[in-house]
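*Asks:* What follows is a structure written as structure tokens; I'll ask about it next.
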Amino acid sequence: MKILELSSLNVSVGSRDLIQDLNLEVNANECWGVLGGNGTGKTSLLYTIMGLRKKQSGSICVCGKDIGDYSPKSLAKVMGILFQDSHDAFPVTVMEIVMAGRYPHLKPWSMYSQEDIQVVEDILKLVEMEDMSYRYVNTLSGGERRRVAIASIIVQSPQIWLLDEPTNHLDMHYQILMLKLLKQWANKSNGSIIMVLHDVNLLTRFCTHAILIIDSKNILVGKVEDIIKRENIEVLYDHPVRQYTDNIDTLYYPE
Amino acid sequence: MVLLVVVILTGLIALSLGSIHISVFEIPGHLFTSIDSIENRIINEVRLPRILSGFCVGGLLALAGCLMQVLLRNPLAEPYILGVSGGASAFALIAIFLGISGNWVNLSAFTGAILTILLVFYLSGARGNWNPLKTLLTGVVLAAGWGAIISFLLTISPETRVHGMLFWLMGDLSLGEFSIFSVFILVVSFFACLFFAKELNLLALGQLAAQSLGVSADKLTYIIYFLSSLLTATAVMQAGSIGFIGLIVPHLSRLCVGSDHRILIPVSVLTGGSLLVISDSLARTIMAPHQLPVGILTAMLGVPVFLILLNAVNNKRT
Numbered sequence: 000m001k002i003l004e005l006s007s008l009n010v011s012v013g014s015r016d017l018i019q020d021l022n023l024e025v026n027a028n029e030c031w032g033v034l035g036g037n038g039t040g041k042t043s044l045l046y047t048i049m050g051l052r053k054k055q056s057g058s059i060c061v062c063g064k065d066i067g068d069y070s071p072k073s074l075a076k077v078m079g080i081l082f083q084d085s086h087d088a089f090p091v092t093v094m095e096i097v098m099a100g101r102y103p104h105l106k107p108w109s110m111y112s113q114e115d116i117q118v119v120e121d122i123l124k125l126v127e128m129e130d131m132s133y134r135y136v137n138t139l140s141g142g143e144r145r146r147v148a149i150a151s152i153i154v155q156s157p158q159i160w161l162l163d164e165p166t167n168h169l170d171m172h173y174q175i176l177m178l179k180l181l182k183q184w185a186n187k188s189n190g191s192i193i194m195v196l197h198d199v200n201l202l203t204r205f206c207t208h209a210i211l212i213i214d215s216k217n218i219l220v221g222k223v224e225d226i227i228k229r230e231n232i233e234v235l236y237d238h239p240v241r242q243y244t245d246n247i248d249t250l251y252y253p254e
Numbered sequence: 000m001v002l003l004v005v006v007i008l009t010g011l012i013a014l015s016l017g018s019i020h021i022s023v024f025e026i027p028g029h030l031f032t033s034i035d036s037i038e039n040r041i042i043n044e045v046r047l048p049r050i051l052s053g054f055c056v057g058g059l060l061a062l063a064g065c066l067m068q069v070l071l072r073n074p075l076a077e078p079y080i081l082g083v084s085g086g087a088s089a090f091a092l093i094a095i096f097l098g099i100s101g102n103w104v105n106l107s108a109f110t111g112a113i114l115t116i117l118l119v120f121y122l123s124g125a126r127g128n129w130n131p132l133k134t135l136l137t138g139v140v141l142a143a144g145w146g147a148i149i150s151f152l153l154t155i156s157p158e159t160r161v162h163g164m165l166f167w168l169m170g171d172l173s174l175g176e177f178s179i180f181s182v183f184i185l186v187v188s189f190f191a192c193l194f195f196a197k198e199l200n201l202l203a204l205g206q207l208a209a210q211s212l213g214v215s216a217d218k219l220t221y222i223i224y225f226l227s228s229l230l231t232a233t234a235v236m237q238a239g240s241i242g243f244i245g246l247i248v249p250h251l252s253r254l255c256v257g258s259d260h261r262i263l264i265p266v267s268v269l270t271g272g273s274l275l276v277i278s279d280s281l282a283r284t285i286m287a288p289h290q291l292p293v294g295i296l297t298a299m300l301g302v303p304v305f306l307i308l309l310n311a312v313n314n315k316r317t
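For the protein sequence lines, the chains are V and Y, in the order given.
Mapping to numbering that gives the first Met the number 0: the first sequence position 123 is 122, numbers consecutive.
Mapping to numbering that gives the first Met the number 0: the second sequence position 275 is 274, numbers consecutive.
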């Protein structure tokens, strides 16, 4: 089932063209990884899909409907984004941040119910933050904050999960745990993930498809086994790469 | 609930204080009977309107401060930061300078405030592209401009008029009478903000975060901008630029009850109102028969309370 379709999408920031003529079809239960050098427009691409940034031209269809035809709230039900970083002007509790994910599911005029609180508490358990629900987020470590943000998007449970560097600030253990968790919940809602990563090996481990943004006109789109190759990665980052293969995995690491 | 009791007690004590002392316990009697006595008339015609108007102005400023902080995503934001009070004062001073008096001065102040609101909105290019920092800087610069005009007017005005002007700049409740207009604005915006409280919580997390969760962030931002400006303009029209309440009360409330606007808004409004009533009661009694500008007292009370609370809460949190 097709849930996201980009056709001849152009994204630009100021006078700089970041992405030109991108065509993409995402089906249910896929996991897409986006790779690209710094400043190539990975985040801008996610923002454009989410409707947070105006597209230059082209179309973005979610579940067969143009994103312009959705109301803000109904769009937030089918599509959610995990931001690269979060910073708060005011002290907010873990509970309040995670509860924000329930907002799209509220009926107008209603308040958060006991059921909403239960959902939030259950998911805080999954990210191992249940003991901190009334802590202020500005007293948490970077990795703990990341898990709070991840809990919030799981609470939102959209169909299309746009994740901007989900493993930021996380240690080795939580990188794997959180990606597994996100994938598991995306599959539960018959959804798909599109995530920006900087780690090729995490991508090959978790993703089914990949987008390599080499430059604005040169974007490789396809299945992981077709496009994640040493020569492509070398071109992508303009850096020599070594490849190591054993009977389980193929790993890539910079020269 | 506790706050409501505090508010009522504050009101009663404020009613009893003054050059003629009336016992707190006699006050309900005076309020609800119509015996024609001096005490009765002092309470009902002098003190009650002033206390109500004080409470109202305090509430307006506190609410405006809450909204401004979310709007600009800056804990230092306060109702006057965008130059609304500067514009109002400058226009009021021009009116006084020209020898106009009475309600026309207030009206002139209101015009100045509204003009500033529109000017900041237009100059910061806020339409279609809200940038808190740009809006903030535009407002601050405009406020500085008004400040220059105010200083200029003070310099060239005859001394007889300067005193009246100073009271505008420092803020004073004896200027205005109890006005239904302010109460109306306060009540309507209060309920509007409670209605938007959930959305305000999300907006406080950031414009993009709110938008991605399904809030029409642009629309809400415009509503808050004009609402908070209108609140400020109303407060300034009624009582001049009373400082401090709009900055301190939202923080004070946030330290006590957290950042959830569903609770923060009512607590701020009640605290702001009470703080101003207390300050005003002190302002008109401690140096009686002289009345001090209430702005002096809000700061003298607010500064120590705020610092003590800030330290207490920080020690608890770390």
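Note that CB positions come from ideal geometry on N, CA and C, so glycine has one too.
Taking the straight line between their C-alpha atoms, what separation do you get for GLY242 (chain Y) and VAL136 (chain V)?
*Replies:* Spanning the two alpha carbons is a distance of roughly 31 Å.
*Asks:* Return the chain-ordered list of same chain residues with a C-beta closer than 6 Å to the C-beta of ASP196 (chain V), the five sequence neighbours on each side being excluded.
*Replies:* The sequence given here has Leu at residue 196 (chain V), not Asp. GLY32 and LEU202.
*Asks:* Consider the Cβ of LEU308 (chain Y): report whether some Cβ of chain V lies at a distance smaller than 8 Å.
*Replies:* Output row for LEU308 (chain Y): interface = no.
*Asks:* Taking ILE59 (chain V) and LEU8 (chain V) to be in contact with their CB atoms under 8 Å, please state how far apart those CB atoms are, rounded to whole angstroms.
*Replies:* Indeed, because the Cβ distance is near 7 Å, the residues count as touching under 8 Å.
*Asks:* What three-state label does DSSP hand ALA61 (chain Y) in the structure shown?
*Replies:* Note: ALA61 (chain Y) maps to helix in three-state DSSP.
*Asks:* Kindly list the residues whose CB is nearer than 8 Å to the CB of PHE180 (chain Y), restricted to its own chain and excluding five residues on each side of it in sequence; keep chain order.
*Replies:* Same-chain partners within the cutoff: THR233.
*Asks:* Between the region 214 to 231 of chain Y and chain V, which residues of the former have CB atoms less than 7 Å from a CB of the latter, in chain order?
*Replies:* Residues VAL214 and SER215.
*Asks:* Can you pull the chain Y neighbours of MET153 (chain V), defined as C-beta to C-beta under 7 Å?
*Replies:* The sequence given here places Ile at residue 153 (chain V); Met does not occur at that position. The premise fails here: ILE153 (chain V) is roughly 14 Å from chain Y at the closest Cβ pair, so nothing lies under 7 Å.
*Asks:* For the region 59 to 76 of chain V, enumerate the residues whose C-beta is nearer than 7 Å to any C-beta of chain Y, in chain order.
*Replies:* Correct list: PRO71, LYS72, LEU74 and ALA75.
*Asks:* Per DSSP, ILE192 (chain V) forms a beta bridge with which residues?
*Replies:* Answer is V:CYS30 and V:TRP160, bridged to ILE192 (chain V).
*Asks:* For ASP163 (chain V), decide whether its Cβ has a neighbour in chain Y, counting only Cβ atoms nearer than 8 Å.
*Replies:* Cβ-Cβ to chain Y under 8 Å: no for ASP163 (chain V).
*Asks:* Classify CYS206 (chain V) as helix, strand or coil using the three-state DSSP reduction.
*Replies:* Coil.
*Asks:* Report the three-state DSSP secondary structure of ARG241 (chain V) (helix, strand or coil).
*Replies:* If DSSP states are grouped into helix, strand and coil, ARG241 (chain V) belongs with the strands.
*Asks:* In whole angstroms, give me the CA-to-CA distance for MET279 (chain V) and LEU135 (chain Y).
*Replies:* Past the boundaries of the shown model lies residue 279 (chain V); chain V is included only from 0 to 254, so the question cannot be answered.
*Asks:* Taking the alpha-carbon of GLY79 (chain V) as reference, which of V:VAL91, V:ILE66 and V:ALA88 has the nearest alpha-carbon?
*Replies:* The candidate whose alpha carbon is nearest that of GLY79 (chain V) is V:ILE66.
*Asks:* Checking 8 Å against the spacing of the C-beta atoms, do MET67 (chain Y) and PRO78 (chain Y) come in under that value?
*Replies:* For MET67 (chain Y) and PRO78 (chain Y), yes; Cβs fall inside 8 Å.
*Asks:* What residues in the region 179 to 193 of chain V bring their beta carbon closer than 9 Å to a beta carbon of chain Y?
*Replies:* Against chain Y - using a Cβ distance shorter than 9 Å - the region 179 to 193 of chain V contributes no residues.
*Asks:* Just checking: is the beta-carbon of MET128 (chain V) within a distance shorter than 8 Å of some beta-carbon in chain Y?
*Replies:* Not closer than 8 Å to any Cβ of chain Y, the Cβ of MET128 (chain V) fails to qualify, so no.
*Asks:* Indicate whether PHE109 (chain Y) and ALA87 (chain Y) have their beta-carbon atoms separated by less than 8 Å.
*Replies:* Yes.
*Asks:* Can you pull the chain Y neighbours of ALA88 (chain V), defined as C-beta to C-beta under 8 Å?
*Replies:* Within chain Y, the residues near ALA88 (chain V) are GLN68, ARG72, ASN73, PRO74 and ALA203.
*Asks:* Can you give me the C-alpha to C-alpha distance between PRO131 (chain Y) and VAL240 (chain V), rounded to a whole angstrom?
*Replies:* Rounded to whole angstroms, PRO131 (chain Y) to VAL240 (chain V) spans 43 Å at the Cα level.
*Asks:* Alpha carbon to alpha carbon, what distance is there between GLU198 (chain Y) and ILE223 (chain Y)?
*Replies:* Near 11 Å, if we compare the C-alpha coordinates of GLU198 (chain Y) and ILE223 (chain Y).
*Asks:* Using the three-state DSSP reduction, which class does LEU274 (chain Y) fall into: helix, strand or coil?
*Replies:* If DSSP states are grouped into helix, strand and coil, LEU274 (chain Y) belongs with the helices.
*Asks:* For a contact defined as C-beta to C-beta under 9 Å, what are the partners of GLY257 (chain Y) on chain V?
*Replies:* PRO90, VAL91, THR92, GLU95 and TYR135, listed in chain order.
*Asks:* What are the boundary residues of the alpha helix (DSSP H) that THR134 (chain Y) is part of?
*Replies:* Looking at the DSSP string, the run of the alpha helix (DSSP H) that includes THR134 (chain Y) is 131 to 155.
*Asks:* Please classify LEU21 (chain V): does DSSP put it in a helix, a strand, or coil?
*Replies:* Three-state result, LEU21 (chain V): strand.
*Asks:* Are the Cβ atoms of GLY64 (chain Y) and LEU246 (chain Y) separated by less than 8 Å?
*Replies:* For GLY64 (chain Y) and LEU246 (chain Y), yes; Cβs fall inside 8 Å.
*Asks:* Need the endpoints of the beta strand (DSSP E) that GLY86 (chain Y) sits in, please.
*Replies:* Segment 83 to 96 is the alpha helix (DSSP H) holding GLY86 (chain Y); no beta strand (DSSP E) there.
*Asks:* Mind checking SER109 (chain V): buried by the 16 CB within 10 Å criterion, or exposed?
*Replies:* It counts as exposed.
*Asks:* Taking MET169 (chain Y) as part of the alpha helix (DSSP H), name the residues at either end of that continuous run.
*Replies:* First-last of the alpha helix (DSSP H) with MET169 (chain Y): 158 to 169.
*Asks:* TYR15 (chain V): buried (16+ other C-beta within 10 angstroms of its C-beta) or exposed?
*Replies:* Note that residue 15 (chain V) corresponds to Arg in the displayed sequence, not to Tyr. ARG15 (chain V) should be labelled exposed.
*Asks:* Three-state secondary structure (DSSP) at ARG72 (chain Y)?
*Replies:* It is coil, neither helix nor strand.
*Asks:* Report the three-state DSSP secondary structure of GLY124 (chain Y) (helix, strand or coil).
*Replies:* GLY124 (chain Y) falls in the coil class under three-state DSSP.
*Asks:* Please report how far the alpha carbon of LEU202 (chain Y) lies from the alpha carbon of LEU212 (chain Y), in whole angstroms.
*Replies:* When rounded, the distance between both Cα atoms is 10 Å.
*Asks:* Report buried or exposed for ASN105 (chain Y), applying the criterion of at least 16 other Cβ atoms within 10 angstroms of its Cβ.
*Replies:* Buried, because 16 or more other Cβ atoms sit within 10 Å of the Cβ of ASN105 (chain Y).
*Asks:* Grouping DSSP H, G and I as helix and E and B as strand, with all else coil, what is GLU283 (chain V)?
*Replies:* Residue 283 (chain V) cannot be examined here, being either before or after the span of chain V that is shown, 0 to 254.
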